[in-house]
Every structure is written in structure tokens, then in C-alpha cells.
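Enquirer: Have a look at this one before I ask anything.
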Amino acid sequence: MAKDPLEQLATVSPVKFDAELFAASVYKGEPRKELDEAWNKLVDHPMILVDNKTLQDFDPTTKLTKGVNNHYYATVEVFHHLHCLDITRKYIWRDYYKHVDTFQNPPEIVWKHVDHCIDLLRQVLMCNSGTGLLFYTDLGDQQPEARVSTSHMCRNFSQISEWVWKHDSELGKYAED
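Heads up: the sequence shown runs through residues 44 to 220, numbered per the numbering used here.
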């Protein structure tokens, strides 16, 4: 398995998820400017340029790979995963987001894209297989309520995002710099 160039970069620390059903979040709710700005900030990240060794470590292929100056374009996977979640979110509200480029394609292509995203996110979740435990609040005769705001060890997303922006392929910087 390839060594992740960002693995050592992002520190890991405990984070308590705020996942209660009625908890407010800038990332939840009906479409609105604040929501779209928050999601765009998460999803919109540049490509980076990596050397041939990194390409071969991650993707030993004979396929022609887009590049420049013996370096190859790549996206840090979390941003593709977030794109998929965002496209799925927008698909739920597709009447509102009908202007989105992805939704300009024929309906069967749009669905293939969304279906790809759902399956990719399934694979990511199964790969990461959270093994924490959920406990349930006893509500007497009512169905117990899951306590879903649990603690996790998380990579520092801001560190990853900052690194990617500093290594934007448009700046002519390389991941090895």
C-alpha cells in the first residue's frame, strides 16, 4: 500500500461530533446562501502536482496520466468524497440546484454520477468502519433515542486543506516541496 504523503502532516486529536437530529449546523437544512458557501469552502480545492514515484505508489498504471514537467495532477481523496456528498445533497434538492453543471447532463448520466457517489461513500464508510459505540436514552414506553454525538479521533481537516491550497498546481508548486 502506498505511503500517504499527507499522513504525517495532519495531526490527529479527539473530536466530539455534534450529530443530534435537531442540532443546528451550517451544513444542514434547506438550500440557502450560507449553506452553499460553507459547502463550497469544503469542496472547492485545487489539484496538486506529484512526482512519478508518488504516481506509481498510488496508481501503478499504464494509463496516460495528465501532467506537466514530469509531475502529475492529483486530488486529495477527501475532496472527491466531499464533492460526492455535496452532489448527493444537491440531488435531493435538484429543483433548486437545476443550474449546477452536473445536472445539465441527460438524466441517466446525472443518476450514474449520483449513484457512483453513493457507492463511493459506502465504500469509504465501510473502509473506515467506525467501531465506536452508540448508547440509547431510555424514554420509558417510547422508542429509545440513540445518542449519536460521539467522540472520534480525527485528522485535522484544516491542516490538510491549508496544505492543498499551498500546493495548488496553478502555483507551479509540487507536493514534494
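By construction, the Cβ of each residue, glycine as well, lies at the ideal position given by its N, Cα and C atoms.
Nothing here was measured: the structure is a model prediction, and the numbers come from that model.
1. Can you find the residues in the same chain that come closer than 6 angstroms, C-beta to C-beta, to S194, ignoring five residues on each side of it along the sequence?
2. Near F146, what residues of its chain come up, given a Cβ to Cβ distance below 7 angstroms and the 5 sequence neighbours on each side ignored?
3. Please give me, in chain order, every unbroken run of the alpha helix (DSSP H) with length at least 4 that falls completely inside the segment 72-145.
4. Label I91 either buried or exposed according to how many other C-beta atoms from any shown protein chain fall within 10 Å of its C-beta, with 16 as the threshold for buried.
5. For the alpha helix (DSSP H) containing F200, name the first residue and the last one.
6. Tell me, which residues are paired with P57 by DSSP?
7. So that I know if they touch, is there some Cβ in chain B lying closer than 8 angstroms to that of L49?
8. Express the C-alpha separation of V93 and P52 in angstroms, rounding to a whole number.
9. Decide if C170 is buried, meaning its Cβ has at least 16 other Cβ atoms within 10 Å, or exposed.
10. Which residue marks the beginning of the alpha helix (DSSP H) containing E151, and which one marks its end?
11. Would you mind sorting A62 into buried or exposed? The rule is 16 or more other CB atoms within 10 Å of its CB.
12. Do L125 and L168 count as a contact pair if the criterion is CB distance below 8 angstroms?
13. Starting from A189, follow the beta strand (DSSP E) in both directions and report where the run begins and ends.
14. Could you work out which residue in M196, C197, D220 is closest to W206 when comparing CA atoms only?
Expert: With the given structure in hand:
1. Its chain contains P57, K59 as the residues whose beta carbon lies nearer than 6 angstroms to that of S194, once the 5 sequence neighbours on both sides are disregarded; these appear in chain order.
2. Only R137, Y140, V153 meet the Cβ criterion.
3. You should have 76-86, 95-101, 120-135.
4. So I91 ends up on the buried side.
5. Note, F200: alpha helix (DSSP H), 200-209.
6. In the DSSP output, where bridge partners are listed per residue, P57 has M196.
7. Judged by its chain identifiers, the structure shown contains no chain B, having just a single protein chain.
8. Pro is not the amino acid found at residue 52; the sequence shown has Leu there. Annotation: L52 to V93 spans about 16 angstroms, alpha carbon to alpha carbon.
9. Answer is exposed; the Cβ neighbour count stays below 16.
10. Run containing E151: 150-171, per the alpha helix (DSSP H) assignment.
11. Label assigned to A62: exposed.
12. Contact flag unset, no.
13. Per DSSP, the continuous beta strand (DSSP E) segment holding A189 begins and ends at 188-190.
14. That would be D220, whose Cα lies nearest to the Cα of W206.
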